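Working notes, beginning with the structure itself.
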Amino acid sequence: MMWPRREPAVRKRVRPTRPLLLAFLSVIAVGTALLMLPISSTGSEAAPFRDAVFTSASAVTVTGLTVVDTASYWTGFGEAVLLVLMQLGGLGIMTFTALLVVIIGGRLGMRRRQAAQAEQGILDPGEIKRVIIGVAILSAAIETLLAIVLFLRFLTLGLSPGNAAWDAAFQSVSAFNGAGFCLFTDSLARFQGDVIVLGVIAIGIIAGGLGVPVWADLTRRKRMGLKHRRWSFHTRLTLMGTAILLVLGFLVITIFEWTNPGTLGGMPVGERVLNGAFQAVTPRSAGFSTVDVGSMREETLLFTDFLMLIGGGSVSPAGGIKVTTMLVLVLATTASLKGAADVQFIGRRLPTAAIRQALAVTVIFAGSILVGTIALLIAADVGLNAALFEVTSAFTTTGLSTGITGSLPGVAQGILIVLMVVGRLAPQLLGAALVLRETGTTYRYPEERPIVG
Numbered sequence: 018m019m020w021p022r023r024e025p026a027v028r029k030r031v032r033p034t035r036p037l038l039l040a041f042l043s044v045i046a047v048g049t050a051l052l053m054l055p056i057s058s059t060g061s062e063a064a065p066f067r068d069a070v071f072t073s074a075s076a077v078t079v080t081g082l083t084v085v086d087t088a089s090y091w092t093g094f095g096e097a098v099l100l101v102l103m104q105l106g107g108l109g110i111m112t113f114t115a116l117l118v119v120i121i122g123g124r125l126g127m128r129r130r131q132a133a134q135a136e137q138g139i140l141d142p143g144e145i146k147r148v149i150i151g152v153a154i155l156s157a158a159i160e161t162l163l164a165i166v167l168f169l170r171f172l173t174l175g176l177s178p179g180n181a182a183w184d185a186a187f188q189s190v191s192a193f194n195g196a197g198f199c200l201f202t203d204s205l206a207r208f209q210g211d212v213i214v215l216g217v218i219a220i221g222i223i224a225g226g227l228g229v230p231v232w233a234d235l236t237r238r239k240r241m242g243l244k245h246r247r248w249s250f251h252t253r254l255t256l257m258g259t260a261i262l263l264v265l266g267f268l269v270i271t272i273f274e275w276t277n278p279g280t281l282g283g284m285p286v287g288e289r290v291l292n293g294a295f296q297a298v299t300p301r302s303a304g305f306s307t308v309d310v311g312s313m314r315e316e317t318l319l320f321t322d323f324l325m326l327i328g329g330g331s332v333s334p335a336g337g338i339k340v341t342t343m344l345v346l347v348l349a350t351t352a353s354l355k356g357a358a359d360v361q362f363i364g365r366r367l368p369t370a371a372i373r374q375a376l377a378v379t380v381i382f383a384g385s386i387l388v389g390t391i392a393l394l395i396a397a398d399v400g401l402n403a404a405l406f407e408v409t410s411a412f413t414t415t416g417l418s419t420g421i422t423g424s425l426p427g428v429a430q431g432i433l434i435v436l437m438v439v440g441r442l443a444p445q446l447l448g449a450a451l452v453l454r455e456t457g458t459t460y461r462y463p464e465e466r467p468i469v470g
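Take any residue in the sequence shown, count from 1 to its spot, add 17: that is its number in the working numbering.
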């Protein structure tokens with residue numbers, strides 16, 4: 018008797034979870050040890066372990082949640098440690114994710130790989146060295162450009178050349194990597210009316226959040242000439258989704274907070290527009306703020322949860338489910354409402370596997386945030402809205418807070434550390450696992466349609 022059997026796997030399954038987790042935990046441990054040195058903090062005693070490990074984890078995962086005031090608590094040495102941790106965290110996750118994309122490309126057949134390279138931004142296995150070098154050069158170039166502009170602006174604001182240079186370098190690295198750490202005690206509130214500072218930091222956040230495939234596609238297109246190459250499907254999705262979320266975020270946040278005296282309500286009209294636009298950018302995994310987040314209305318906090326959940330582009334320092342995941346779900350929902358047999362967009366048909374993967378990532382993220390929120394409510398005496406906001410911010414590595422992080426008990430802060438680490442690694446490993454574990458079968462069961470709704 019012949020039993021149906023699965024097709025044998027062609028290659029050994031790649032399991033990158035352990036080395037990536039060990040690498041991140043090792044960097045967090047080293048960062049914790051350095052931050053506990055007396056030279057790292059301004060007080061008479063060394064930073065306690067709890068504060069050091071939380072800050073180190075927040076920097077390596079480029080989250081930006083803090084339990085102490087970065088500007089006043091850490092010395093120049095401590096700030097330098099944070100800068101290195103942010104850079105390692107941002108570069109590390111981008112490089113590793115890019116290599117996962119290369120691995121995925123290597124697992125595809127020749128024809129599928131060529132199609133994926135053209136439409137989805139999948140990189141060729143022969144590009145590993147170029148990817149690593151390219152990520153480093155891209156990050157350095159953008160961060161340097163941001164730092165130069167900020168340095169010149171800080172000089173005009175009266176800072177000494179040394180302080181201006183250091184603040185500019187720190188903020189540019191923090192912005193591009195979506196870390197959200199700030200060397201000013203009020204975050205960026207003192208720059209509420211400064212178009213240059215807020216504009217530069219917003220550009221850094223957006224640029225870092227686009228992702229390596231988009232930048233690689235844009236640079237390749239420039240080298241080959243506009244007439245010889247079009248943007249990949251992934252690039253078009255990412256740019257379109259980013260633009261939609263920025264405009265939508267600006268409109269919703271500005272309207273909700275327009276008359277709120279605790280946030281935008283007390284500003285001149287021009288500053289309300291400027292800060293509304295900035296607050297639409299920062300939930301995309303950055304964590305900077307020009308207003309008191311704790312004073313925002315509940316509807317604004319809930320909408321910000323939505324923006325943080327989506328995050329930025331794939332293969333970027335940004336967290337969240339990613340822009341393309343959100344668009345895939347929206348397109349699939351729209352097609353279902355229309356009764357369409359296929360999910361189509363800009364002349365292309367989305368494969369069923371991509372829709373399943375997007376749904377799986379979203380459900381796992383939402384479920385993790387639900388579990389984390391319940392755990393935080395049990396561990397700390399906080400309200401539901403504040404707990405949901407804090408957990409979403411930690412798991413999506415955004416770094417925005419209503420101001421409760423430092424006052425949380427040790428167990429609650431430990432929960433946030435776990436959420437930051439898992440949330441930093443989950444999108445990359447989950448996405449790769451869903452693709453690499455796809456297997457074909459020599460049979461299909463009879464179709465049975467359940468009642469939905």
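Glycine included, each C-beta is placed from N, C-alpha and C at the ideal position.
Treat the numbers as computed from the prediction; the structure is a model and nothing was measured.
Extract the residue ranges of the beta strand (DSSP E) inside the segment 210–242, only unbroken runs of 3 or more that lie entirely within it. For the segment 210–242, not a single whole beta strand (DSSP E) run of length 3 or above is found.
Burial state of Gly-175 (16 or more Cβ within 10 Å): Exposed, since its Cβ has fewer than 16 Cβ neighbours within 10 Å.
Taking the alpha-carbon positions, what's the Leu-4 to Leu-227 distance? Beyond the ends of the chain as shown, which are 18 and 470, falls residue 4; an answer cannot be given.
Is Pro-278 closer than 8 Å to Ala-107 when the C-beta atoms are compared? Residue identity check: residue 107 is Gly in the sequence provided, not Ala. Their beta carbons are not under 8 Å apart, which means Gly-107 does not touch Pro-278 by this criterion.
Between the Cα of Phe-362 and those of Met-257, Asp-322 and Val-264, spot the shortest distance and give me the residue it belongs to. Per the C-alpha coordinates, the member of Met-257, Asp-322 and Val-264 positioned closest to Phe-362 is Met-257.
With DSSP run on the structure shown, which of helix, strand or coil describes Pro-21? With a pLDDT of only 49 at Pro-21, under 50, the local geometry of the prediction cannot be trusted, and the value read off the model is given with reservation. When secondary structure is reduced to three states using DSSP, Pro-21 falls in the coil class, being assigned neither helix nor strand.
So, do the segment 372–382 and the segment 262–278 have three or more beta carbon pairs nearer to each other than 8 Å? Taking a cut-off of 8 Å for Cβ pairs, the segment 372–382 and the segment 262–278 do not touch, as fewer than three such pairs fall below it.
6 Å CB neighbourhood of Thr-321 in its chain, flanking five on each side removed: Answer for Thr-321: Pro-300, listed in chain order.
How should Gly-336 be labelled, buried or exposed, when 16 other C-beta atoms within 10 angstroms of its C-beta is the threshold for buried? Under this definition Gly-336 is a buried residue.
Is Asp-398 buried or exposed, if buried means 16 or more other CB atoms sit within 10 Å of its CB? Exposed is the call here.
Inter-residue CB distance, Leu-205 and Thr-87 (contact presumed, cutoff 8 Å): Contact between Leu-205 and Thr-87 is absent: CB atoms are separated by about 13 Å, not below the 8 Å threshold.
Same chain, Cβ closer than 7 Å to Gly-48, neighbours up to 5 away in sequence not counted: Listed in chain order, the non-local C-beta contacts of Gly-48 below 7 Å within the same chain comprise Ser-73, Ala-76, Val-77, Val-98 and Leu-102, local neighbours out to five positions each way being set aside.
Using DSSP with H/G/I as helix, E/B as strand and the rest coil, what is Arg-35? Reduced to three states, the DSSP call for Arg-35 is helix.
Beta-carbon separation (whole angstroms), Thr-92 vs Ser-58, contact threshold 8 Å: Right, the Cβ-Cβ distance comes to about 6 Å (below 8 Å), so this counts as a contact.
Which listed residue (Val-340, Thr-173 and Phe-113) has its alpha carbon closest to that of Gly-151: Comparing Cα-Cα distances from Gly-151 to each of Val-340, Thr-173 and Phe-113, the minimum goes to Phe-113.
Please determine if the segment 387–395 and the segment 345–357 are in contact, where contact requires at least 3 C-beta pairs separated by less than 8 Å. No, the segment 387–395 is not in contact with the segment 345–357.
Output needed for Ala-69: all residues of its chain with C-beta closer than 7 Å, excluding positions within five of it in sequence on either side, in chain order. Same-chain partners within the cutoff: Thr-49, Leu-52 and Met-53.
Val-84 - containing alpha helix (DSSP H), residue span: Careful: Val-84 lies outside any alpha helix (DSSP H) and carries neither H nor E.
To the nearest angstrom, how far is it from the Cα of Gly-109 to the Cα of Gly-431? The alpha-carbon of Gly-109 is positioned some 23 Å away from that of Gly-431.
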